[in-house]
Each structure stands twice: as C-alpha cells, then as structure tokens.
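If you want my numbering, it's the 1-based position in the sequence shown plus 795.
The beta carbon of each residue, even a glycine, is placed where N, CA and C say it ideally should be.
This report concerns only the one structure given below.
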Amino acid sequence: MSGPKRYYIETYGCQMNVADAELMGGVLKREGHVRVDDPAEAEVVIVNTCAIRDHAEQRVIGRVGQLNMHKLERPGVRLGVAGCVAKELGKELLELAHVDFVVGPDSYRHLPEVLDRVDEGERVVLDRFSRSENYEDLEPYRIERCAAWITIMRGCDKFCSYCIVPFTRGREKCRSPEGILEEVRRAVQDGAREVTLLGQNVNSYRSGDWDFPDLLSAVAQVDGLRRVRFTTSHPWDFTPRLVDAIANHPTICEHVHLPVQSGSDRILAAMRREHTVAWYRERVAMLREAVPGCALSTDVIVGFPGETDADFQATFDLMSEVRYNFAYVFVYSPRPHTPAAAIRDDVVPHEAAVERLEALNALQRGIGTAYLLEKVGTVQDVLVQGEAKRGLGLVAGWTEQRETVVLPGDRALVGEIVAVRISGLSGITLHGEVDRTDSREGEKLLELAMLDASA
Ligand code: 5AD
Ligand code: SF4
C-alpha cells in the first residue's frame, strides 16, 4: 500500500448513494485514509454519481470535468467516478471525463487496491456486478451521528420499464437480519436516535424466514432507538402485515413514501408497475385506517410516452384525492437499456411535459402547505439534527412526519428529541420553540410502559 491519503467524496442522487459514500468511507478509513471536506485538500477525489435521469447524469459528468482542475493544479491528485454512472458508462468515462478510476456499486470493497494500482500508473475500471456482494461485514463511516442510514438490500428486481436502476445496481440482494440488527445496535451505541432502513424496494426484503415486516418490527425494538423509518416502498409489496407493524410499534415513524408514478392504469401498465390505481388506493386506505395520522409522500413521472391529457388528468385527480404531504414530480427521461426508451410513438413534447410537472407541483404546493399550516399551534417532537443553515442561535431538526423545524437552540440540543411548540411557517419550514410540557413521544412512551405493565 502506498500510504494514507486524504480523500474527498462528493455524492449525488438518492439516499442509497449517501449510504454508499459512508460505505466507501468505511473501506478507506480501515486502510488509514483520511476524509476531508474540501476537494482542494484531497489527494483522492471521488464523485459518487446518479444516472436516474439524463439531466442528473449530465450534471455529474460536468462536475467531474470541473474537478479535473485539481489534477491539473496538483499532478499527484487522483480522480475517480463511483455509483450508477460508473456502472453505466464504465471505461467510456476514462476518455469522456479523463478520470483515473471508475468503480461501480459492487466494487467499493476494492477501493484500496484500486488506489494502489492507480499509483502504479494504471487506469482502473471495476464495474462488474457481483451476485454475492452486499457489504455485510463492512462498517460504514458515518458522518451524521443522530440519524443513520442502514442499507438492508441492494439492487432491484422490479424492472419498471423506464428505470435504469436494475441495470446500474443489479439484481436484488438482501443482507441477513442478524447483520442488520447488529449494525443498528452499533449505530445506537454511537449516538443514533433514528435509523432509516434503505433499499430500492424494502418491501420485497427476504432473508430465510424473515420478510420486511419481521425485520422492521425487530429493528423497532432495538434498545435505545427512538425512531425507525424505511424507504422506498413499492405498492405491490405493501402488505397488511407491514401496516400492522407501523401501527403496533410506536418507534416506527408515521411517514410512508409510496411512489405511485401515475394515476392512469394504461400508463401504469406501460410502465410495468404491476399495480393498478385501484390497488394503490386500497393500500392508502388500509394505511390510513390503521394509522390515521400517517404522512404520505410519493414519486410521480409525467410525460411518459403515450400519456394523454386524460391520463395526466387522472394523475392530477389522484393527487387531489390522496392529498400527499409531499410529492416528487419528474419529467420522464428515456434511459439506456430500458424498454421504455425504445418507444418511438406518442412521445410527449418536452414543453407539454414541463407544463404537466408545473401543474402538479402547484397542486401539491397548496396541499402540502395546508398540512403544514395545520401544525401551527401544535406541539411536535423534533429530532434536532444540527445548527440551522441560516441564522445564529438556531438549530434545525425534523418531526416524526419528516417536516423540517427550526428553533432557537445551540449544539447541546443536537441529537435530542424535544417537544416543540410550532409557531409559524415560512416556505416549507416550520418554526417553533421548545415546549417540554407536552410531547406526543412522551405520551407514546407512557402508553408503552402501560402496555408492558399490563402484559
Ligand atoms: N425518468 C424520470 N423519472 C424517473 N424515475 C426513475 N426513472 C426515471 C426516468 N427514466 C423516478 C421515479 C422513481 C424516482 C426515484 O425517480 O419516480 O420513483
Ligand atoms: Fe426503478 Fe421500479 Fe426498481 Fe424503483 S421499483 S428502483 S422505479 S425498477
């Protein structure tokens, strides 16, 4: 090995990439390499990329180009690409972006050898899938202490017709429940109050006899853990047992991200989503019946080939009816390898798709704001996450439903769950002050204690 180096990782895309950056950090730390926050101080610069839409991909390729300046200014600097674009473009990136190494999502374990080989003058591309690699034994290097991402599975077997993920992250691979629970316990020992179980479709988790509700329920009972979240869910595998788990464990947050993608059955079929709108409605009804206060968020794609005004109207109507707390709306982007990219007929013009996106965003803004305004005057439990970006003497955190709250306070509050009386809203940020007299979490813990006592 050629000695410890300072490394910098810049991450784009989903939470899975954020978790993977921590995994790469763990691999590099084990070899004595040191993390820095400024690429100008680094000897190794890694861009951890996203390929989900063409725009995301172009943006990261542009950013790799900019980061090349560090190589020009300091000739010893090594530049590499990780993540989904690394898998998608592989060795093409060597020429396209003048990088020294390319590591796909299944090759992070080999980063130290890659750096050694690069030091010997090689340009290295490791972009093969591995059937077995799930990083079970590797400890991520977490930067955030009070909220931890826990990857429970990698890859996706759903093959929605528009989605590149099965091609960049490969087939589904689940970790063992023992390994996951052990990682959760260690994260709690290190200060985590909240964990988020992560996977492209956590609901299809399976390991031996364990399915996702089993795993979620076991994680929810880890000593000292206050909040558990999970993302992302596919409606097809969203079962009554999962809803029961959410309803029965006070530590499982009342927030579900349940992507619908479209409100039209015709488009859902073309997207190969496996579910219909009626099926989706039933899942929502089941969830809301069992967990009335549950926040719901979603992903929607507009401008999928063949989407007519009537199909779009069906999406608009569904969003008006479901009334999500939050929605991410995307313009469809054709991606390599995907079956939808081969559709040449009925392509929706870009301007029309953008208009649809804006209409849904405007609808959602109204609905989302109404939910947030309902919180003004109430007391919410807030996990304080860190100092607020703007404003001295302010800290920011989030509620169980994942709304951001800013309140007066200092670093001593970080990692605490405090009862906050909400006093106002600006944009999508709630404001408030600590109010320790009333806490829903306190009530829940009391309920639990009473249950224990009566058992
Ligand atoms: N074009 C636009 N949006 C996409 N998504 C996935 N693939 C595409 C694509 N080709 C969206 C889906 C998914 C979210 C993570 O990204 O809504 O749920
Ligand atoms: Fe992509 Fe569909 Fe898998 Fe989600 S479930 S990652 S949209 S293929």
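(request) Please report how far the alpha carbon of residue 1186 lies from the alpha carbon of residue 1224, in whole angstroms. (result) Indexing the sequence shown from 1 puts residue 1186 at position 391. Indexing the sequence shown from 1 puts residue 1224 at position 429. Spanning the two alpha carbons is a distance of roughly 14 Å.
(request) Identify, in the order they occur along the chain, each residue of the same chain with its Cβ nearer than 6 Å to the Cβ of residue 806, setting aside the five sequence neighbours on each side. (result) As a working mapping, residue 806 is identified with position 11 in the sequence shown. Excluding sequence neighbours, residue 806 sits near 812, 813, 816, 843.
(message) Just to confirm the assignment, what range does the beta strand (DSSP E) spanning residue 1193 have?
(response) As a position in the sequence shown, residue 1193 is number 398, starting the count at 1. Its beta strand (DSSP E) spans residues 1189 to 1193.
(request) Just grab the DSSP bridge partners of residue 896 for me. (result) Numbered from 1 along the sequence shown, position 101 holds the residue referred to as residue 896. DSSP output for residue 896 lists 875, 919 as bridge partner(s).
(request) Check whether the Cβ of residue 863 lies closer than 7 Å to any heavy atom of the ligand SF4, and answer yes or no. (result) Taking the sequence shown and counting its residues from 1, one reaches residue 863 at position 68. The answer is no for residue 863.
(message) Am I right that residue 1054 and residue 1036 are in contact with their C-beta atoms under 8 Å? What's the rounded C-beta distance?
(response) Walking along the sequence shown from the start, residue 1054 turns up at place 259. Walking along the sequence shown from the start, residue 1036 turns up at place 241. Between residue 1036 and residue 1054 the Cβ distance is about 20 Å, and since that is not below 8 Å, they are no contact.
(message) Per DSSP, what are the beta-bridge partners of residue 1123 in this structure?
(response) Residue numbering aside, residue 1123 sits at position 328 when the sequence shown is read from its first letter. 1094, per the DSSP bridge assignment.
(request) Run the proximity test for residue 1132: is its beta-carbon closer than 7 Å to any non-hydrogen atom belonging to the ligand SF4? (result) Taking the first residue of the sequence shown as position 1, residue 1132 is located at position 337. Answer for residue 1132: no, Cβ out of range of the ligand SF4.
(request) Could you say which of 1226, 1195, 954 lies nearest to residue 1067 if we only look at CA atoms? (result) By 1-based counting over the sequence shown, the position of residue 1067 is 272. Closest option to residue 1067, Cα to Cα, is 954.
(message) For residue 1005, list the residues DSSP reports as bridge partners.
(response) Here residue 1005 is taken as the residue at index 210 of the sequence shown, counted from 1. BP columns for residue 1005 point to 1002.
(message) Would residue 822 and residue 921 qualify as a contact pair, given that the criterion is a beta-carbon distance under 8 Å?
(response) Walking along the sequence shown from the start, residue 822 turns up at place 27. Walking along the sequence shown from the start, residue 921 turns up at place 126. No; because the gap between Cβ atoms is not below 8 Å, this pair is not in contact.
(request) Would you give the residue range spanned by the beta strand (DSSP E) that residue 1216 belongs to? (result) For the purposes of this step, residue 1216 is identified with residue 421 of the sequence shown, where counting begins at 1. Its beta strand (DSSP E) spans residues 1212 to 1221.
(request) Would you kindly work out how many angstroms separate the C-alpha atoms of residue 892 and residue 999, rounded to a whole number? (result) For the purposes of this step, residue 892 is taken as the residue at position 97 of the sequence shown. For the purposes of this step, residue 999 is taken as the residue at position 204 of the sequence shown. Approximately 37 Å, taken between the alpha carbons.
(message) Taking only three categories from DSSP, how would you classify residue 953?
(response) For the purposes of this step, residue 953 is taken as the residue at position 158 of the sequence shown. In this structure, residue 953 counts as coil in the three-state DSSP scheme.
(request) From the DSSP output, in three-state form, read off residue 984 for me. (result) Within the sequence shown, the letter at position 189 stands for residue 984. Here residue 984 sits in helix by DSSP.
(message) Can you give me the C-alpha to C-alpha distance between residue 1093 and residue 1083, rounded to a whole angstrom?
(response) The residue given as residue 1093 occupies position 298 in the sequence shown. The residue given as residue 1083 occupies position 288 in the sequence shown. Residue 1093 and residue 1083: Cα-Cα distance of roughly 15 Å.
(request) Just the C-alpha distance for residue 1156 and residue 958, rounded to the nearest angstrom, thanks. (result) Sequence index remark: in the sequence shown, residue 1156 carries index 361 (1-based). Sequence index remark: in the sequence shown, residue 958 carries index 163 (1-based). About 22 Å.
(message) Taking DSSP's pairing of strands, which residues face residue 1181 in a bridge?
(response) Taking the sequence shown and counting its residues from 1, one reaches residue 1181 at position 386. Bridge partners of residue 1181: 1191.
(message) Can you give me the C-alpha to C-alpha distance between residue 836 and residue 1129, rounded to a whole angstrom?
(response) The sequence position of residue 836 within the sequence shown is 41, counting from 1. The sequence position of residue 1129 within the sequence shown is 334, counting from 1. The alpha-carbon atoms of residue 836 and residue 1129 are separated by roughly 38 Å.
(request) Look at the alpha carbon of residue 833 and the alpha carbon of residue 803, and state the distance between them as a whole number of angstroms. (result) Stepping through the sequence shown from its first residue, residue 833 is reached at position 38. Stepping through the sequence shown from its first residue, residue 803 is reached at position 8. Rounded to the nearest angstrom, the two C-alpha atoms are 7 Å apart.
(message) Going by C-alpha to C-alpha distance, which of 1106, 944, 854 sits closest to residue 1027?
(response) Sequence index remark: in the sequence shown, residue 1027 carries index 232 (1-based). Of the candidates 1106, 944, 854, the one whose C-alpha sits nearest the C-alpha of residue 1027 is 944.
(message) Short of 6 Å in beta carbon distance, which residues of its chain neighbour residue 970, apart from the five on each side in sequence? Order them along the chain.
(response) Counting from one through the sequence shown, the residue named residue 970 turns up at place 175. Cβ neighbours of residue 970 beyond the five flanking positions: 929, 931, 947.
(message) By DSSP's criteria, residue 948 is part of a beta bridge. Which residues make up the other side?
(response) Here residue 948 corresponds to residue number 153 of the sequence shown, with the count starting at 1. 969.
(message) Considering Cα atoms alone, identify which of 1228, 882, 1146 is closest to residue 1174.
(response) By one-based count along the sequence shown, residue 1174 stands at place 379. Per the Cα distances, 1228.
(request) Please confirm whether residue 1221 and residue 1158 have their CB atoms less than 8 Å apart. (result) Indexing the sequence shown from 1 puts residue 1221 at position 426. Indexing the sequence shown from 1 puts residue 1158 at position 363. No; because the gap between Cβ atoms is not below 8 Å, this pair is not in contact.
(request) Reducing DSSP to helix, strand and coil, say where residue 1055 ends up. (result) As a first step, residue 1055 must be located in the sequence shown, where it is residue number 260. It is coil, neither helix nor strand.
(request) Reducing DSSP to helix, strand and coil, say where residue 926 ends up. (result) Within the sequence shown, numbered from 1, the residue matching residue 926 stands at position 131. Coil.
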